[in-house]
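Undergrad: Residues 830 to 1052, numbered by the numbering used here, are exactly what the sequence shown covers, in order.
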Amino acid sequence: MTPMPSRTVEHVDRGPLSRDEVAAFIARDIPAGSYVNLGIGQPTLVADHLSPDDAVVLHTENGMLGMGPAARGEDVDPDLTNAGKLPVTELPGASYFHHADSFAMMRGGHLDVCVLGALQVSQCGDLANWHTGEPGAIPAVGGAMDLAIGAKSVFVMMDLFTKDGAAKLVPSCTYPLTGLRCVSRVYTEYAVFDIDTAAGTVRARETFGISVADLAARLPVSI
830 MTPMPSRTVE
840 HVDRGPLSRD
850 EVAAFIARDI
860 PAGSYVNLGI
870 GQPTLVADHL
880 SPDDAVVLHT
890 ENGMLGMGPA
900 ARGEDVDPDL
910 TNAGKLPVTE
920 LPGASYFHHA
930 DSFAMMRGGH
940 LDVCVLGALQ
950 VSQCGDLANW
960 HTGEPGAIPA
970 VGGAMDLAIG
980 AKSVFVMMDL
990 FTKDGAAKLV
1000 PSCTYPLTGL
1010 RCVSRVYTEY
1020 AVFDIDTAAG
1030 TVRARETFGI
1040 SVADLAARLP
1050 VSI
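1) Can you give the Cα-Cα distance for L867 and A973, rounded to whole angstroms?
2) Grouping DSSP H, G and I as helix and E and B as strand, with all else coil, what is I1039?
3) How about A1033 and C1002: do their beta carbons lie closer than 8 Å?
4) Would you check if the distance between the CB atom of V886 and the CB atom of L894 is smaller than 8 Å?
5) Using a 10 Å radius around the Cβ and a threshold of 16 neighbouring Cβ atoms, would you call T991 buried or exposed?
6) Verify whether the separation of the beta carbon atoms of A923 and A899 is less than 8 Å.
7) Considering only the alpha carbon of each residue, which of R1014, H939, L989 lies closest to G1029?
8) In terms of residues, what are the limits of the beta strand (DSSP E) holding E919?
9) Where does F926 land, buried or exposed, given buried means 16+ other C-beta within 10 angstroms?
10) Under 8 Å by Cβ, that's how I've got L976 and M935 pegged, so tell me the actual separation to the nearest angstrom.
11) For F1022, which residues in the same chain have their Cβ closer than 6 Å to its Cβ, ignoring the five residues on either side in sequence?
12) Am I right that G971 and I855 are in contact with their C-beta atoms under 8 Å? What's the rounded C-beta distance?
13) My output table needs one value for P964: the three-state DSSP class, helix, strand or coil.
14) Extract the residue ranges of the beta strand (DSSP E) inside the region 964–1002, only unbroken runs of 3 or more that lie entirely within it.
15) Given a cut-off of 8 Å, decide if E839 and V1050 are closer than it, judged by their beta-carbon atoms.
16) Residue range of the beta strand (DSSP E) that V1021 falls in?
17) I'd like the list of long-range same chain contacts for L1048, defined as Cβ closer than 7 Å, with 5 residues on each side in sequence excluded.
18) According to DSSP, which residues form a beta bridge with E839?
19) Do you know how far the Cα of A852 is from the Cα of C1011?
20) Check for me: the beta strand (DSSP E) holding R1014 runs from which residue to which?
21) Based on the DSSP output, what are the partners of Q949 in its beta bridges?
22) Identify the residues that DSSP records as bridge partners of A899: which are they?
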């Protein structure tokens, strides 16, 4: 992973990051040669920003190694999708296997990085991303719990605030948990955060379109 700078870098001369820009930051931070799983939703954008020179191998839980960027136009093959059922491409050397083998890779610690979406992340790295707990809500844990505890590093890509303005980076999660003390880094439109899961602390690595002081005033956790 990219080493932590000695102090937080503030980019206040621009606005918040777009989702594609957030995805590009994540792609930059994935070590070359890593085996990586991209979760459903925003994280799938990361595939479009990986360079072949990085030699990153993408894994999908529906049974594929060597996934490429999203498929568009004539490249779309309805039989070639990621776990979110979105059409994707395959890179030279791609392989396919049984769903059970795919989960064995996830649970066996064979993935270097996974990038997941989240409803909430706590200051000690707890992850909640499968259920709001509200009556009638459809739970969708999928393989997230396997990835959260099986991958060597867990990155989260999410919006920092809900549509109502509530922070999704919180002192403790109020939604049902996916994994405990598993998230090491959070990427959002306003900032990239490093989490020390042992100490239960959060530090803003970089901010975008807002100062650290102004961002700290909007968050319920110390950064």
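All C-beta atoms in this analysis are idealised placements derived from N, C-alpha and C, irrespective of residue type, glycine included.
TA: Reading from the atomic positions:
1) 10 Å
2) coil
3) Taking 8 Å as the cut-off, the beta carbon of A1033 is found no closer than this to the beta carbon of C1002.
4) yes
5) exposed
6) no
7) R1014
8) In this chain, the beta strand (DSSP E) harbouring E919 covers 917–925.
9) exposed
10) 6 Å
11) V1015, V1031, A1033
12) In fact, because the Cβ distance is near 20 Å, the residues do not count as touching under 8 Å.
13) coil
14) 982–986
15) Contact flag unset, no.
16) 1020–1025
17) A996, L998
18) T1036
19) 20 Å
20) In the DSSP assignment, R1014 falls within the unbroken beta strand (DSSP E) covering 1012–1016.
21) In the DSSP output, where bridge partners are listed per residue, Q949 has A957.
22) V917
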